[in-house]
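J.: Mapping the sequence shown onto numbering that gives the first Met the number 0, position 30 (from 1) lands on 29, and the numbers just tick up by one.
One structure coming up, written as structure tokens, with questions to follow.
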Amino acid sequence: MKYLGIDYGTKRVGVATSDDEGGMAFPFRVLSNTKTLVQDIGEICRKERIGTIVVGESHNFQGKPNPLMRAITPFAEALKKETGLPLVFMNEVFSSQEAARITGDNSKNDASAAALVLQSYLDRTNPPKPASFDEEES
């Protein structure tokens, strides 16, 4: 199944997708946070055949929702209604800072942050598969 990751911001929203097996996350696009954001992401979900949406959950250092989360919650509800897809939250602590550290300060950081959030979710929900060894090679 293919996943969509979202790093929500008041000005820009980073979007990432997974591979078809749901094992690796990749930066996809940075969208402006406009009135058509929910519909734009819905269209991406349809075109990319997304099965589940993962939205970065924003909390303060005490683990409580911060002011940004007050905007993320209604956005997530509208997105769930628009797409009809399952939607889950994943902690996004320092995802934007980590993306900037890895890729430098550029216009794609929001998509890279979304990929970090999505990859964290994929790693948590898909345990690593044990290595298989071909007995003939031994």
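Where is the CB? At the ideal position from N, CA and C, for every residue including glycine.
None of these values were measured; they are calculated from a predicted model.
DSSP on I40, reduced to helix/strand/coil?
T.: Indexing the sequence shown from 1 puts residue 40 at position 41. Helix, per DSSP.
J.: Here's a check: name, in chain order, each residue in its chain whose Cβ is nearer than 7 Å to the Cβ of S119, leaving out the five neighbours to either side.
T.: On the sequence shown, residue 119 is found 120 positions in, with the first residue counted as 1. Result list for S119: M89, in chain order.
J.: Do V53 and Y2 count as a contact pair if the criterion is CB distance below 7 Å?
T.: To locate residue 2, count along the sequence shown from 1; it is residue 3. To locate residue 53, count along the sequence shown from 1; it is residue 54. Yes; because the gap between Cβ atoms is below 7 Å, this pair is in contact.
J.: Please classify G83: is it buried, with 16 or more other beta-carbons within 10 angstroms of its beta-carbon, or exposed?
T.: Within the sequence shown, numbered from 1, the residue matching residue 83 stands at position 84. Burial call: exposed.
J.: What is the C-beta distance between V29 and A110, in whole angstroms, given that I count them as a contact (C-beta under 8 Å)?
T.: Within the sequence shown, residue 29 is the residue found at index 30, counting from 1. Within the sequence shown, residue 110 is the residue found at index 111, counting from 1. Contact flag correct, Cβ pair sits at about 5 Å.
J.: Taking the alpha carbon of P26 as the point to measure from, which residue in L78, G4, E47, R45 has its own alpha carbon closest?
T.: As a position in the sequence shown, residue 26 is number 27, starting the count at 1. Ranking L78, G4, E47, R45 by Cα distance to P26 puts G4 first.
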